[in-house]
Every structure is written in structure tokens, then in C-alpha cells.
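Undergrad: Protein chains in written order, with UniProt numbering: chain P, 1 to 315; chain B, 1 to 321; chain Y, 1 to 301.
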Amino acid sequence: MLRLLLDRLVFSVLTLLAVGLCLFVLTRSIAGTPARIVLGNEATADQIAAFDAEHGLDQPVFTQYLRWVGSIAGHLDFGRSLLTGKPVTETLAESMPITLQIVGFAFLFAVAVALPLGIVSACYPGSLADHVTRIVSVLGVSMPGFWLGLMLIRFPAVEFGWFPPGGYVPVSEGWGPHLQSLVLPSFTLGIYYIAILSRMTRSGLLEVRGLDYIRTARAMGIGRGRMLVYALKNALVPVVSVAAMAFGYMFGWALIVEYLFNLPGMSNGLLTAITSRDYTLVQAIVLVFTMLFILSNLVADLINAMLNPRLGVAR
Amino acid sequence: MTAPLLDVRGLRVAFPMGGGWGEAVRGVDFAVAPGEAVGLVGESGSGKSLSALAIMRLIAAPGRIAGGIIRFDGQDLLALPESGMRRLRGRHIGMVFQDPSTSLNPAFSVGQQLVDTIRAHRPELGRKALRDRAAEVLSLVGITEPQRRLTAYPHQFSGGMRQRVLIAMAIACEPRLLIADEPTTALDVTVQARVVELLNRLRQQLGLTVLFISHNLDLVAELCDRVVVMYAGQVVEEAATVDLFTHPRHPYTRLLQRCIPRLGLAGHRLPAIEGAPPPAGRVPPGCAFAERCPDAVQRCALAPPARRALDGHDVACWEAA
Amino acid sequence: MSGIALLRRGRLWRLLRDQGSSLIGGLIVAIVLLTALLAPWIAPRDPVEIDIVNALLPPDAEFPLGTDQGGRDVLSRIIWGTRVSLTVSLLAVVIGVTLGTLLGLFAAYHRGSWIEQVLMRLMDMIASIPLLIWAIALVGIIGVQPVTLGPLTFDNEHKLLVLIGLLYVPSLTRVTHAVAQAEMSADYVRARQVEGASPIAIVLGDVLPNCLSPIMVQATLLIAAGIVVEASVSFIGLGVQPPRPSWGSMLADARNYVFSPEWWLPVFPGIAISLTVIGFNLLGDGLRDVLDPRRVTRGLA
Numbered sequence: 001m002l003r004l005l006l007d008r009l010v011f012s013v014l015t016l017l018a019v020g021l022c023l024f025v026l027t028r029s030i031a032g033t034p035a036r037i038v039l040g041n042e043a044t045a046d047q048i049a050a051f052d053a054e055h056g057l058d059q060p061v062f063t064q065y066l067r068w069v070g071s072i073a074g075h076l077d078f079g080r081s082l083l084t085g086k087p088v089t090e091t092l093a094e095s096m097p098i099t100l101q102i103v104g105f106a107f108l109f110a111v112a113v114a115l116p117l118g119i120v121s122a123c124y125p126g127s128l129a130d131h132v133t134r135i136v137s138v139l140g141v142s143m144p145g146f147w148l149g150l151m152l153i154r155f156p157a158v159e160f161g162w163f164p165p166g167g168y169v170p171v172s173e174g175w176g177p178h179l180q181s182l183v184l185p186s187f188t189l190g191i192y193y194i195a196i197l198s199r200m201t202r203s204g205l206l207e208v209r210g211l212d213y214i215r216t217a218r219a220m221g222i223g224r225g226r227m228l229v230y231a232l233k234n235a236l237v238p239v240v241s242v243a244a245m246a247f248g249y250m251f252g253w254a255l256i257v258e259y260l261f262n263l264p265g266m267s268n269g270l271l272t273a274i275t276s277r278d279y280t281l282v283q284a285i286v287l288v289f290t291m292l293f294i295l296s297n298l299v300a301d302l303i304n305a306m307l308n309p310r311l312g313v314a315r
Numbered sequence: 001m002t003a004p005l006l007d008v009r010g011l012r013v014a015f016p017m018g019g020g021w022g023e024a025v026r027g028v029d030f031a032v033a034p035g036e037a038v039g040l041v042g043e044s045g046s047g048k049s050l051s052a053l054a055i056m057r058l059i060a061a062p063g064r065i066a067g068g069i070i071r072f073d074g075q076d077l078l079a080l081p082e083s084g085m086r087r088l089r090g091r092h093i094g095m096v097f098q099d100p101s102t103s104l105n106p107a108f109s110v111g112q113q114l115v116d117t118i119r120a121h122r123p124e125l126g127r128k129a130l131r132d133r134a135a136e137v138l139s140l141v142g143i144t145e146p147q148r149r150l151t152a153y154p155h156q157f158s159g160g161m162r163q164r165v166l167i168a169m170a171i172a173c174e175p176r177l178l179i180a181d182e183p184t185t186a187l188d189v190t191v192q193a194r195v196v197e198l199l200n201r202l203r204q205q206l207g208l209t210v211l212f213i214s215h216n217l218d219l220v221a222e223l224c225d226r227v228v229v230m231y232a233g234q235v236v237e238e239a240a241t242v243d244l245f246t247h248p249r250h251p252y253t254r255l256l257q258r259c260i261p262r263l264g265l266a267g268h269r270l271p272a273i274e275g276a277p278p279p280a281g282r283v284p285p286g287c288a289f290a291e292r293c294p295d296a297v298q299r300c301a302l303a304p305p306a307r308r309a310l311d312g313h314d315v316a317c318w319e320a321a
Numbered sequence: 001m002s003g004i005a006l007l008r009r010g011r012l013w014r015l016l017r018d019q020g021s022s023l024i025g026g027l028i029v030a031i032v033l034l035t036a037l038l039a040p041w042i043a044p045r046d047p048v049e050i051d052i053v054n055a056l057l058p059p060d061a062e063f064p065l066g067t068d069q070g071g072r073d074v075l076s077r078i079i080w081g082t083r084v085s086l087t088v089s090l091l092a093v094v095i096g097v098t099l100g101t102l103l104g105l106f107a108a109y110h111r112g113s114w115i116e117q118v119l120m121r122l123m124d125m126i127a128s129i130p131l132l133i134w135a136i137a138l139v140g141i142i143g144v145q146p147v148t149l150g151p152l153t154f155d156n157e158h159k160l161l162v163l164i165g166l167l168y169v170p171s172l173t174r175v176t177h178a179v180a181q182a183e184m185s186a187d188y189v190r191a192r193q194v195e196g197a198s199p200i201a202i203v204l205g206d207v208l209p210n211c212l213s214p215i216m217v218q219a220t221l222l223i224a225a226g227i228v229v230e231a232s233v234s235f236i237g238l239g240v241q242p243p244r245p246s247w248g249s250m251l252a253d254a255r256n257y258v259f260s261p262e263w264w265l266p267v268f269p270g271i272a273i274s275l276t277v278i279g280f281n282l283l284g285d286g287l288r289d290v291l292d293p294r295r296v297t298r299g300l301a
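(1) Please compile the residues from chain P whose C-beta is within a distance smaller than 8 angstroms of the C-beta of Arg89(B).
(2) Contact between the segment 297-308 of chain P and the segment 243-252 of chain P: three or more CB pairs below 8 angstroms?
(3) Assign Ile52(Y) to one of two classes, buried (16 or more other C-beta atoms within 10 Å of its C-beta) or exposed (fewer than that).
(4) Look up Leu265(B) in the DSSP assignment and say whether it is helix, strand or coil.
(5) Following the continuous beta strand (DSSP E) through Gln192(B), name the residue where it begins and the one where it ends.
(6) Which residues, taken in chain order from the segment 230-253 of chain Y, show a beta carbon closer than 7 angstroms to some beta carbon of chain P?
(7) What number of angstroms, rounded off, separates the C-alpha of Arg258(B) from the C-alpha of Ile273(B)?
(8) Classify Phe163(P) as helix, strand or coil using the three-state DSSP reduction.
(9) Among the residues of its own chain, which have a CB less than 7 angstroms from the CB of Ser89(Y), if the five just before and after it don't count?
(10) Check whether chain Y comes within 9 angstroms of Met96(P), counting only Cβ atoms and requiring the distance to be less than that.
(11) Taking 9 angstroms as the threshold (beta carbon to beta carbon), is Leu211(P) in contact with chain B?
(12) Between the segment 34-54 of chain P and the segment 68-80 of chain P, do three or more beta carbon pairs fall short of 8 angstroms?
(13) Have a look at Gly35(B) and Gln204(B) and give me their C-alpha separation to the nearest angstrom.
(14) Compile a chain-ordered list of the residues in the segment 101-134 of chain P whose CB is closer than 8 angstroms to at least one CB of chain Y.
(15) Which residues of chain P have a Cβ atom closer than 7 angstroms to the Cβ of Phe259(Y), listed in chain order?
(16) With which residues is Phe212(B) paired in a DSSP beta bridge?
(17) Can you give me the C-alpha to C-alpha distance between Met220(P) and Pro165(P), rounded to a whole angstrom?
(18) At the level of alpha carbons, what is the spacing between Ala219(Y) and Val93(Y)?
(19) Using a Cβ-Cβ cutoff of less than 6 angstroms, which residues in the same chain neighbour Gly81(Y) once the five nearest sequence positions on both sides are dropped?
(20) If the cut is a Cβ gap below 9 angstroms, which residues of chain P does Asn156(Y) touch?
(21) Let me see if you follow: with CB-CB separation under 9 angstroms, is Asp289(Y) close to chain P or not?
(22) Can Trp134(Y) and Thr290(P) be called in contact, C-beta distance under 9 angstroms?
(23) Rounding to the nearest angstrom, what Cα-Cα distance links Arg249(B) and Thr144(B) in this structure?
(24) Considering only the beta carbon of each residue, do Val158(P) and Phe280(Y) sit closer than 9 angstroms?
(25) Mind pulling the chain B residues with CB within less than 8 angstroms of Asn234(P)?
(26) Show which residues of chain P have a CB atom less than 7 angstroms away from the CB atom of Val228(Y).
(27) Among Arg307(B), Cys293(B), Glu174(B), Arg282(B), which has the Cα closest to the Cα of Gly22(B)?
(28) Under 8 angstroms between beta-carbons, which chain P residues line up against Ala120(B)? List them in chain order, please.
(29) Rounded to a whole number of angstroms, what is the C-alpha to C-alpha distance between Leu187(B) and Asp243(B)?
(30) Have a look at Leu83(P), Ala122(P), Pro87(P) and flag the residue whose alpha-carbon is nearest the alpha-carbon of Ser276(P).
(31) Alpha carbons only, please: which of His55(P), Ser12(P), Phe62(P), Ile48(P) is nearest the one belonging to Phe24(P)?
(32) Count the other C-beta atoms from every protein chain shown that fall within 10 angstroms of the C-beta of Val315(B), then say buried if there are 16 or more, exposed otherwise.
(33) Count the other CB atoms within 10 Å of the CB of Ala112(P); is the residue buried (16 or more) or exposed (fewer)?
(34) Using alpha carbons as the reference points, say which of Val175(Y), Leu138(Y), Leu102(Y), Gly150(Y) lies closest to Met216(Y).
(35) When you compare only the Cα positions, how much space is there between Val147(Y) and Asp155(Y)?
(36) Spatial neighbours of Leu138(Y) within its chain, please: C-beta separation below 7 angstroms, excluding the five flanking residues on both sides.
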């Protein structure tokens, strides 16, 4: 178990370093001279040299990378925005909670709906609940989230006025409005994962249901509730690891959802940074997303090892 | 003769087949007296395992019990509601299955699975008492250091050990009847003998009644008092073990006997019965065995033979004498 | 007699029950492919030309799905959008399948050696990149304007499809590797080696054909994913550039009309995307049941 943990941890860090280097080199090489973007086309060569020296851009790319990694690892310093001079960490501190909140809600919502749906439809195959689950799962994976969101804005929000059509209401303006402003984004983000997870739960349970050890448990007279636990603990192994990975994927789709609902989260920050060509900010935000993604993959692996005694504890 | 503990009459098990139902068990009768060990033998596909599952009412859908009566201790099991059946399983009838490598839940420790079995029938026991009882049955089936082994997971046990654990689960609540469905088939030959030894010991020690299902006549001979031979979903011969082995009456029994592997005869080709039993739902109108029978005569193909008593045997064959 | 008829009817019914949804999927895919191929002939109007007089007309006999803010026929734009959408997702999958298959076979051929280790670990690394965010960031940094390389001009969607294709490589490499390494140790491969067949002949002639089924399943599902990714990126303005018709950018335009009564603007392009994706997903699931009973292809795209 410890060995596995260490192995995964080392690999994650290596991945992050390698991927970070790619990101860094790509942005640096494609972006051209940030000085031109910031200072404009009229800037003199001297001004550009001064700008580069100030931001350490005159160093070789690899040195710049090491310095970047060093300051991030050392004191979580992602540098300053080339445009505004504002520390990137500050921008992240403002926007990250919003993104985390939306993804968190969407994740909880997805799991809270998907598991019961999957369990009910596996326990009563062919029932109405089963058909509903299957339709939801086909539609959920096929409807692009942003279109669903657009429909939700158009009908329940604009036409019927049940929810705000977009924008973020901070908690300081009351919990009710705050939560209300998060309902549609979380729903939009979560529906795809409801589809995926409920389907996996269903097929996992159906697969397990016919296995010998479930028959053994029945032959021992074990009660219905306990039987479900017996089946679930096995059937949920793939579901849980996919759910943990889904948490990472959700940050990607949160980008579209934040754009659609006009939420001042991290992804919207990324889009703003892209349009204003603020590459320090782009780099930092993409790196943070990648970290979150790798972290959730790591958690997925660990949960898998914990749930599956054959991988973990045993020799 | 005392009233049987288990009495199976006219049992039928059917599966949906090409629009209709095909019967894999076609009217099986046998009884097991208290304290007795009965062997149920036959080739694979003879319906012996299905009969055992039917007794536990564990036939997996879409299969179903299509008819017959199963009495356990005078109680009609087929009339029992599922909840009553659940209380009976594991408590009064224990069952052990063929493949120990897949029959234990891989995600739970052996101790947990034992504890769950015991708790299902004795909810009044506390944690400590449950664990103690679990350890006790583990040592009863010959597992050393039972307290320590409780926390181990199934994959940490060998095949034979797993089968011991399953037997421990089956007897944990001191059932009166133990159904062992091919408990040795998936094991090495040396381990097979030890499992049968264990069953024999438990029989003496706990006064268990045993229904032992196997296609290995040697093992059956070692354990059982009486043997029921099945073919194509029906009983073809039934007799006390000694009688059956010394004077088999049904040609099928005779052929089966010739197929037993014998030590010391290595190098000889093991004779197998030629052909295969008819698939369920396609049983010919006459004797089901007629097609493969060396002694078959014309009438065998015309009408099925009825069971009749013959010097202490019960045999379903036109030609047996 | 009637027994046989019953059996036949039962079989047809079972086929429909088990494979009905994949038949529907195949039908949808066929229609979508035909639409994309025949777009110039079946689209009733020009998808690009502005006709301000007819702006924002609701669906009627002349414009079955209404017109947009530029007076362009929504139906014609959707039909042409099929082309763009399928080009991006199909070509991305072609890139992914080509590279993924080659790498997967290469790794399987070197099974047990450090080459396999390094390659598969590298794939794990690439797989831990959040696809959508990287695609958006990179396109954003490169810029959405066309790029000229020698005699060739690459539109923004070409950049996008190359990126998506590259990010598909790990999953296809894994699938190929999983099947191919099992095949490599099969007896028939040994037999071929004993016969003296060259490694390349064995890998391409014997192992590859056995990997095709799961690759096809995975590819079909990735096409569906690609359509959604293209539409999403176009929706935020970093994909297909106006005035070219694409489903995502049509929805981006429609976003400006959520507060107005023109309901047809967001509804129809979304239905087009959803139907197409449903088609590929159903087909992929059906193919998986038939071609990949061992479920090598699993997980989410």
C-alpha cells in the first residue's frame, strides 16, 4: 500500500514537472515577445530589453522554467501578471473558490443522483425507473452541456424567472440567492456525470449480481440490505475511481459553464487572460487545472487500491 | 424408517428455450433421513446441481421451479415466503459450492463474511461474541490461528483453505442439513481427499445430515451411506452405497463406475461414456439414456421406464435384472 | 411449422431488443454522413451570405428552421455545419487512431523491455493533461487567425483538430497495447515466428487485425466526444471562426438572443449536435457489445 502510494506520488510529481515544462515552452515559444504585447509596437529595443530583464525573460527558457517551478514550489508564487503587475496568486485566490464551489456542488449532485438511480435500475431491471435511467444516460452523455445550459437559461431562468440567468451572487448577499445562482451551473455541469456514473453503477451491479459470491451470501441467509452492501462494495470499485477522475474532468467543462453563466471563476479568468494575451496568467491557470486534474487521478488510484484488497494490502 | 429430514418429490426445474420452456430437472424423487449422508451423482448437466439449488430456492432467473414438493423437516419449502426461506438458509440448511475461488466475496475479510453469516441468524450476539464464534468455526474446520486469519482476505488463502472457510460459513449456525455441491471439483486431488475427510469428521462431530453432490464416485463412496444416480434430469438408480458399488443395476451406473480414475492404473486410457446426455428440452420420448446405452433394446426408445424396486435398489431401466 | 415461425419471430425480436438502439445509432450516423457529403446539393440556401431583410424570421414554409440575425437560413447553416463538425471530429480521430495504433503496436512488440515501460508511462503522462483546457489555452495562445505554412493555409479548426487528435493518442495507444500484447504471446504468433516471418509482417499482418475491433469501438466513441469538444470550443469563440457555419458558433450567436423571443436560434443547432452525438454513442455501444465483449474499451472520453 505504502509502496503503491509512493510510486503514484512520485509519478504524479514527475508528470507535473514534465507537463509543466511542455506548457512553459509552448507558451513561451508561441507567444513571441510578451514585451511587444505589453508595450505595444512603438516600443524601442531598449524598452523591450529593459522589460525582458525586469521579468527575467532574457534568460534561457530552461532557466526561466526552473525559476518558475522554484517559486511555485517554494512559496506558491506563480509570478505577476505581465499586464497589470498583480500577483497571479491573488487572482487565483479570488476566482478559485468559485470554481471549486461549482465543481464541488456539481460533483455532489451527480453522485447523489447517479448512485440511487443506478442502484434502483439495477435492482429492478425493466422497470420504469430502469427505462428512465437508461434514457437519462443516453441523453446525458450526448447533449453538450453548454447547450443544455443555454436551454436552462432560456426557459426556467428567463421565461419563468425561477433562477437568475447568470452571474454570481456572493454569500454576503444571503445564502438563498447565493445558492440559487449556483443551481443551474451545477446542474449543467453535473448531468453528464449523472449519465456516466448511473450507467456504470447499473452495469457494475448487474455484472456482480450473477457472481458466485453473491449466491453464497444468499445461501448463507444474509439479509437484503447487507447483500446490497456485498454487491456494492465490488460493483462500486470502477465507479468510484471514475468518479474521482470525473472530478478532474469537471474542471475542464467548468470552463464552458463559467463562460455560459458569466461566473467570475478560474476558467473565466483563463479566457480573459487569453484574450488579453496575459501569458503568465494563462500558464498559471492551466498549471493549476493540470494539478487539480493529476491530483484527482491520484486520488482515483488510491481509492481503487483501498477498495480492492488484492491490489493494496496484500503481497 | 424415521421421517426423512429432506424429502424431494417430483421436482421439476425449467428454463425458457426458444419460445417455450425446457426442463432440466424432470421429476426427481429422493429423500434424506436425519444423520444420513446421501450422494447425488451424475455427469455434468444431469441436473444434480440444479436439484440442490432448487432445494435452497436459489435457481437463478430466468430458470424456475416448475413443479414438485420439497419438504424439509415436514415443512413445504416451495410454499414458504422468501423471508422465511432466507431465515432457513444458512440457519437450518447450509450450502457449499463448487468453486471456492469465486464463492467468497473478494472485497470483505473472511472474518467479516463469517460474522455476517452468524449475525444474520443470531442478531442478539455482540461484536465480541460474533468474532469468537467465527474463530471457533474456523478452528473447527481445521484452520490454525483462527483469530489471526479472521482479518485475512480470501485471496490470501489457498483453494483448499477457501473451501474450508466456505464450509465454516455453512456450518457456523449449526444447520441440520449441509448441501455440498461438488465441493471438491475445483481442487487438487490430494486436497479433495482432505475436504472429504473434513466433511466426514464434521458429520460425526456435529451430527450433520449431508447431501453430497459429485461426479466422483470414489469420494461419494468414502462419505455417503446411500447414492442417488441422476441422468438427464431424472433419478435412474438409487441404492445403499455398498450395494450400488458391488451390484450396479442401471447400465449408466455401470458405465460411470468404469470411469473412476484409479491410482496404479496410470497409462491406461480412462474410458469415457460415449456421446453426451440429451440437452434439456430435447429429451427423446423413451428412456433418456437409450441412445448411449450398450444394452438398449427396441422398447427403450419407445417409452420411458418407471422406477421399480429391485433387491434393495431402486432403478429406472427396462432391462435391469 | 409454427414452432419455427415462433423461433424466427423470437430471434428478430431479440435482435431488435438487443441491437435496436445500435441500429438507430447506425441510421443516424448514416444520415449525418450523407448530409455532410451532400451539403452543397441539399442545403436550400447559401449558409454564409447575409440577407438583412430576412433577419430573425421564425420558422415558416420558406425558412423551415427560421433565420438568424444576418438573415441566413438556419437549416442551411446546420446542414453545412455538419460538414465542419464531422471534418474536425473524424480527422482528429484519424490522427489519434494512426498514431495510437502505431505506438500501441510498437509498445506491444517491445513488451517486457524498457521501451514499453517508458512509452506507456509517457502515455499516462499525456493522459493526465486536461484535454479541453489545454486545447483552449493553446488555440488561444496561437491565436484564431489562419496560419500559413509554406503553400498550405491552416484555418483555426485545423489547429483544433490536430490538438484534439494528439490528445486522443494515449487512450488509443492503451487500447491497442492491451489487445496487442495479449496477442503477441499467443501461440499463432509463435508459430509465425518459427516459420520465419518478419516482425513487421507479424505485427501488421497478424496482430493488427485482431486489435481492429476494440480500436473501432473506441474510435466511434471518440468521434462523439470530438463533436462535443469542437462545438464547445467554437461556442466560446476559439474554434471554427465566423462566418463559417458551425453548430458551436451558431449557438454562440444564439447566446446573444437568450433574452429575446427567437427560440429557434438556440434550439435547432443543439438538437443537431445532440442527435449526431447520440448516433455515434449508440453505434459505439452497439459495436462494443458485438466486437469487444471483453470490454477493453472502458471509461470516459
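Where a beta carbon is used, it is the ideal one built from N, C-alpha and C, also for glycine.
TA: To lay it out plainly:
(1) Within the second sequence, numbered from 1, the residue matching residue 89(B) stands at position 89. Those are Arg218, Ala219, Met220, Gly221, listed as they occur along chain P.
(2) Contact between the segment 297-308 of chain P and the segment 243-252 of chain P is present, with at least three C-beta pairs closer than 8 angstroms.
(3) The residue labelled residue 52(Y) in the question sits at position 52 within the third sequence. Ile52(Y) is exposed by the Cβ-count criterion.
(4) Here residue 265(B) refers to the residue found at position 265 of the second sequence. The predicted model places Leu265(B) with a pLDDT of 47, which falls under 50 and marks its position as unreliable; any figure quoted below should be read in that light. DSSP places Leu265(B) in the coil class of the three-state scheme, outside both helix and strand.
(5) Taking the first residue of the second sequence as position 1, residue 192(B) is located at position 192. For Gln192(B), there is no enclosing beta strand (DSSP E); the enclosing alpha helix (DSSP H) has its first and last residue at 189-206.
(6) Residues Ala231, Ser232, Phe235, Ile236, Leu251.
(7) Residue 258(B) sits at position 258 when you count from the first residue of the second sequence. Residue 273(B) sits at position 273 when you count from the first residue of the second sequence. Taken atom to atom, the span from the alpha-carbon of Arg258(B) to that of Ile273(B) is near 9 angstroms.
(8) Residue 163(P) sits at position 163 when you count from the first residue of the first sequence. DSSP, reduced to helix, strand and coil, places Phe163(P) outside both helices and strands of the structure shown, so it counts as coil.
(9) Residue numbering aside, residue 89(Y) sits at position 89 when the third sequence is read from its first letter. Scanning its chain for C-beta atoms nearer than 7 angstroms, with the 5 sequence neighbours on each side dropped, one finds around Ser89(Y) the residues Ile223, Gly226, Ile227, Glu230, in chain order.
(10) Position 96 of the first sequence holds residue 96(P). It does not: the Cβ of Met96(P) has no partner Cβ on chain Y nearer than 9 angstroms.
(11) Here residue 211(P) refers to the residue found at position 211 of the first sequence. Taking 9 angstroms as the threshold, the shortest C-beta distance from Leu211(P) to chain B falls below it.
(12) No, they do not touch.
(13) The count along the second sequence starts at 1 and reaches residue 35(B) at position 35. The count along the second sequence starts at 1 and reaches residue 204(B) at position 204. Roughly 9 angstroms between the two C-alpha positions.
(14) Listed by position, the residues of the segment 101-134 of chain P near chain Y (Cβ gap below 8 angstroms) amount to none.
(15) What you label residue 259(Y) is simply residue 259 of the third sequence in a count that begins at 1. Ordered by position in chain P, the residues that pass the 7 angstroms Cβ test against Phe259(Y) are Val158.
(16) Looking up residue 212(B) in the second sequence gives position 212. DSSP lists Gly39(B), Ala180(B) as the beta-bridge partner residues of Phe212(B).
(17) Walking along the first sequence from the start, residue 220(P) turns up at place 220. Walking along the first sequence from the start, residue 165(P) turns up at place 165. Near 56 angstroms, if we compare the C-alpha coordinates of Pro165(P) and Met220(P).
(18) Position 219 of the third sequence, counting from 1, holds the residue named residue 219(Y). Position 93 of the third sequence, counting from 1, holds the residue named residue 93(Y). Taking the straight line from one Cα to the other gives about 6 angstroms.
(19) Within the third sequence, the letter at position 81 stands for residue 81(Y). Same-chain partners within the cutoff: Pro245, Ser246, Trp247.
(20) Mapped onto the third sequence, residue 156(Y) falls at position 156. Neighbours of Asn156(Y) on chain P: none; closest Cβ ~13 angstroms, over 9 angstroms.
(21) Here residue 289(Y) corresponds to residue number 289 of the third sequence, with the count starting at 1. For Asp289(Y), not one C-beta of chain P is nearer than 9 angstroms to its own C-beta.
(22) As a position in the third sequence, residue 134(Y) is number 134, starting the count at 1. As a position in the first sequence, residue 290(P) is number 290, starting the count at 1. If you check the CB distance, Trp134(Y) and Thr290(P) come in under 9 angstroms.
(23) Working through the second sequence from its first residue, we reach residue 249(B) at position 249. Working through the second sequence from its first residue, we reach residue 144(B) at position 144. Across the structure, Arg249(B) and Thr144(B) are spaced so that their CA atoms are roughly 45 angstroms apart.
(24) Counting from one through the first sequence, the residue named residue 158(P) turns up at place 158. Counting from one through the third sequence, the residue named residue 280(Y) turns up at place 280. No, these two residues do not count as a Cβ contact at 9 angstroms.
(25) Numbered from its first residue, the first sequence carries residue 234(P) at position 234. Neighbours of Asn234(P) on chain B, chain order: Asn105, Pro106, Ala107.
(26) The count along the third sequence starts at 1 and reaches residue 228(Y) at position 228. By Cβ distance, chain P contributes Pro144.
(27) The residue given as residue 22(B) occupies position 22 in the second sequence. Ranking Arg307(B), Cys293(B), Glu174(B), Arg282(B) by Cα distance to Gly22(B) puts Arg282(B) first.
(28) Counting from one through the second sequence, the residue named residue 120(B) turns up at place 120. Result: Met220, Gly221, Ile222, Gly223, Arg226.
(29) Your numbering for residue 187(B) matches position 187 in the second sequence. Your numbering for residue 243(B) matches position 243 in the second sequence. The alpha-carbon of Leu187(B) is positioned some 28 angstroms away from that of Asp243(B).
(30) The count along the first sequence starts at 1 and reaches residue 276(P) at position 276. Closest by alpha carbon: Leu83(P).
(31) Here residue 24(P) refers to the residue found at position 24 when the first sequence is read from its first residue. The shortest Cα separation from Phe24(P) among His55(P), Ser12(P), Phe62(P), Ile48(P) belongs to Phe62(P).
(32) For this step, residue 315(B) is matched to residue 315 along the second sequence. Val315(B) comes out buried.
(33) What you label residue 112(P) is simply residue 112 of the first sequence in a count that begins at 1. So Ala112(P) counts as exposed.
(34) Locating residue 216(Y) in the third sequence gives position 216, where the first residue counts as 1. Selected option, being the one with the closest Cα: Val175(Y).
(35) What you label residue 147(Y) is simply residue 147 of the third sequence in a count that begins at 1. What you label residue 155(Y) is simply residue 155 of the third sequence in a count that begins at 1. Rounded to whole angstroms, Val147(Y) and Asp155(Y) show a C-alpha spacing of 7 angstroms.
(36) Working through the third sequence from its first residue, we reach residue 138(Y) at position 138. The residues are Leu163.
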